[in-house]
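Enquirer:
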Amino acid sequence: MLKKIIIASLTVGLVAFTTNTIISRLGVSDEDAQKAVSRGMYTGKLDLIAMYKAKQIPAGERAAAVKEMGDYIKAYVMSPEYKEAYVEGWEKEAPQDANGKLRAAIKKSEKDYKDMEELHRTAEPENKEGYAAALKAMKDMIDILKDPKHKMHKVYVQGIAGGVPGPPTAAFKAELAKFEQTYPGTVEGMLKLRLKSFLTLTSDIDFNAPLVKKGNKMIFEDPLLEKRSREWKMCFRAGPETIKAARAYAEAWLKELP
């Protein structure tokens, strides 16, 4: 689930996508742009489409395009809807002890209850009684899960969580901390990770590095540069105007994050 929700790198946006006007000029839909942003939030990788599209922006206009694109991405990933989806996906993928499993079970049961209420509201008269009985059973279960003093609480919780909730163990804390190093629990945390990664990636680009022709493609004359990652090479090809503006935007955004 996390992969689907946090699926081109923040860098992709910083290199390629901008507001609706430029997106339209590049032939990229909002849907595709937002999918690219979400992909990169999860993977931290550049999408090949970014490089191809970035070339369509004329020199001299790329810094402004980066600014517009940055604002587009910021509005998208900082929206309440995106944050809610991110946390929902994170909770489903993150390690869970009995406490987390119980919270997830209660949350799901409450959602199912609301869905059932709507079905009951719109049901044909002959079906309302059946829905009412199902609603009562669901409400009783939710009440039991929430009430540690109920005589059936322990039985229900053990069946759902595989154990009784209690203070997190040292082993669980370590497992969760390791997971959060790669997948922070908040959008802000993930943004910090991605922005810092982008700044590190682009900190040592020599845009004057010579290229030589090999077959039908250009490669770096320096074999060490030729061994650099695809993402680094894409940033090199994006050019100094684009990357300088993207780095400035990333640095400013980092300072805004809690």
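Oh and the sequence shown: position 107 is 98 in our numbering, straight run, nothing missing.
Ideal Cβ placement from N, Cα and C applies to all residues, glycine included.
Nearest-angstrom Cα distance between A168 and A85?
Expert: 10 Å
Enquirer: Let's see if you can read the secondary structure: which residues bound the beta strand (DSSP E) around L248?
Expert: Where L248 is concerned, there is no enclosing beta strand (DSSP E), given that its DSSP letter is neither H nor E.
Enquirer: Give the straight-line distance between the Cα atoms of V19 and E212, rounded to the nearest whole angstrom.
Expert: 34 Å
Enquirer: Of the choices D195, G176, E59 and R94, whose alpha-carbon is the least far from that of A152?
Expert: R94
Enquirer: Could you tell me if F227 is buried or exposed, where buried requires 16 or more neighbouring beta carbons within 10 angstroms of its beta carbon?
Expert: With 16 or more other CB atoms across the displayed protein chains lying within 10 angstroms of its CB, F227 is buried.
Enquirer: Relative to the C-alpha of I196, which residue among I234, Y240 and E75 is closest?
Expert: For I196, the closest of I234, Y240 and E75 by C-alpha to C-alpha distance is I234.
Enquirer: Start and end of the beta strand (DSSP E) containing M32?
Expert: Looking at the DSSP string, M32 is not in any beta strand (DSSP E); the run it does join, the alpha helix (DSSP H), is D21 to T34.
Enquirer: How many Å lie between I210 and W223 at the Cα?
Expert: 13 Å
Enquirer: Return the chain-ordered list of same chain residues with a C-beta closer than 7 Å to the C-beta of D103, the five sequence neighbours on each side being excluded.
Expert: Shown here for D103: same chain residues with a beta carbon closer than 7 Å to its own, the five before and five after excluded, namely M129 in chain order.
Enquirer: So, helix, strand or coil for V78, using DSSP?
Expert: helix
Enquirer: Please classify G206 as buried or exposed, where buried requires at least 16 other C-beta atoms within 10 Å of its C-beta.
Expert: exposed
Enquirer: If you follow the beta strand (DSSP E) that M209 is part of, which residue opens it and which one closes it?
Expert: K208 to F211
Enquirer: On the DSSP bridge list, what partners appear for K205?
Expert: K208
Enquirer: Quick check on A114: does DSSP put it in helix, strand or coil?
Expert: coil
Enquirer: Please state the DSSP three-state secondary structure of F198.
Expert: coil
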